[in-house]
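Quick notes on the structure that follows.
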Amino acid sequence: MPSLVDLWTRIIEWFHDRRDRSSLILGFNKSAKDAFINGYAPVILEARISKGNKNYKHRFSSLFNTGFRIKAYSGFALSKNDTINIGNVILANQPLVRRLVVLGFDTLEVHCDVGNQGCQWQLHDYIQIGQVE
Amino acid sequence: MLIIILSKYQSAADAAFWGILQGVVFTLFFVVRARLKNARKKRLQNKVEWDEVSKDESDRVANENGSDWDSIKKNNNKDNV
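Shown next, in the form of structure tokens:
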């Protein structure tokens, strides 16, 4: 039976996690806009939180809303290869992927603004746990 | 129903007040219901079909095209030439 102090700590941690998740989304969106403006990225990426895939749950998954959804504003329907390319760019950023996992996300979703096709990745496969750089 | 309820009030001011309040509540109810219906319709229209990508497939595409914007742009230009 958790003590009152444990319960209080969990409540405070929950609020901190919510705040950290919001700041991650805001920071990602700002960086994506800057990358597009500077010509580094060919498309504008916009992140938001989604329900996620319940089959991808891991030890740190949140109870609800475990998906990190990225919408790519390309103006035309992207092929599956292009969508996977965008996903790979995100997954190649190890600190970002580890931060996502620690904040309770378990699914990365990428789709474009045209069409209804998208790709999902299980984030736990990409955190290289136990490996030190 | 509205007329029957309003006839319970003895003063015209009371009846007017409650009549206006009921009108506002009903209007809000119908407006909110229409907005929720439209939002649901929009959500169903924009529903995305998700393709689960395995690590092997992801690594294969990364080996072909790279995993940073510069290599992807270079490979895209090569395909378009």
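If you read the protein sequences in the order shown, they are chains A and B.
Read in order, the letters of the first sequence are residues 17 to 149 in our numbering.
Read in order, the letters of the second sequence are residues 440 to 520 in our numbering.
Even for Gly, the Cβ is constructed at its ideal location relative to N, Cα and C.
All values reported here derive from a predicted model rather than from experimental measurement.
Measuring straight from C-alpha to C-alpha, what distance separates residue i and residue j?
| i | j | result |
| --- | --- | --- |
| ASN81 of chain A | LYS67 of chain A | 4 Å |
| GLY134 of chain A | GLU496 of chain B | 15 Å |
| ALA48 of chain A | LEU40 of chain A | 12 Å |
| LEU124 of chain A | LEU467 of chain B | 39 Å |
| LEU483 of chain B | ARG34 of chain A | 28 Å |
| ARG115 of chain A | ASN54 of chain A | 25 Å |
| ASP507 of chain B | LEU107 of chain A | 10 Å |
| ARG474 of chain B | ASP509 of chain B | 44 Å |
| THR25 of chain A | ARG64 of chain A | 27 Å |
| TRP489 of chain B | HIS32 of chain A | 31 Å |
| LEU42 of chain A | VAL471 of chain B | 30 Å |
| ASN485 of chain B | ALA451 of chain B | 51 Å |
| TRP30 of chain A | SER95 of chain A | 38 Å |
| ALA478 of chain B | LYS46 of chain A | 27 Å |
| SER19 of chain A | ASN109 of chain A | 39 Å |
| VAL21 of chain A | LEU139 of chain A | 32 Å |
| LYS476 of chain B | PHE76 of chain A | 36 Å |
With a threshold of 16 other CB atoms inside 10 Å of the CB of residue i, please say whether the residue is buried or exposed.
| i | result |
| --- | --- |
| GLY120 of chain A | buried |
| VAL520 of chain B | Caution applies to VAL520 of chain B, whose pLDDT of 44 falls short of 50 and renders its modelled position unreliable; the value that the coordinates give is listed next. When all chains shown are included, VAL520 of chain B counts as exposed. |
| ASN504 of chain B | buried |
| ASP122 of chain A | buried |
| ILE28 of chain A | exposed |
| PHE469 of chain B | exposed |
| LEU23 of chain A | exposed |
| ARG37 of chain A | buried |
| LEU79 of chain A | exposed |
| TYR72 of chain A | buried |
Do residue i and residue j have their C-beta atoms within less than 7 Å of each other?
| i | j | result |
| --- | --- | --- |
| ASN137 of chain A | VAL492 of chain B | According to the sequence as given, residue 137 of chain A is Trp; it is not Asn. Result yes, Cβ atoms of TRP137 of chain A and VAL492 of chain B sit closer than 7 Å. |
| ALA93 of chain A | VAL126 of chain A | no |
| ILE143 of chain A | VAL105 of chain A | no |
| ASP50 of chain A | LYS494 of chain B | no |
| ASN132 of chain A | VAL487 of chain B | yes |
Relative to the alpha-carbon of residue i, which residue among the options has its alpha-carbon at the smallest distance?
| i | options | result |
| --- | --- | --- |
| HIS74 of chain A | A:ASN132, A:VAL118 and A:THR25 | A:VAL118 |
| ASN97 of chain A | A:TYR72, A:CYS128, A:ARG85 and A:PHE84 | A:CYS128 |
| GLY83 of chain A | A:GLN110, A:LYS70, A:VAL105 and A:ASN45 | A:LYS70 |
| PRO111 of chain A | A:PHE52, A:SER38 and A:PHE44 | A:PHE44 |
Three-pair Cβ contact test at 8 Å for the region 88 to 102 of chain A versus the region 453 to 463 of chain B: The answer is no - the region 453 to 463 of chain B does not touch the region 88 to 102 of chain A, with fewer than three Cβ pairs under 8 Å.
Would you check if there are 3 or more beta carbon pairs closer than 8 Å linking the region 88 to 96 of chain A to the region 51 to 66 of chain A? Cβ pair count under 8 Å is three or more, so yes.
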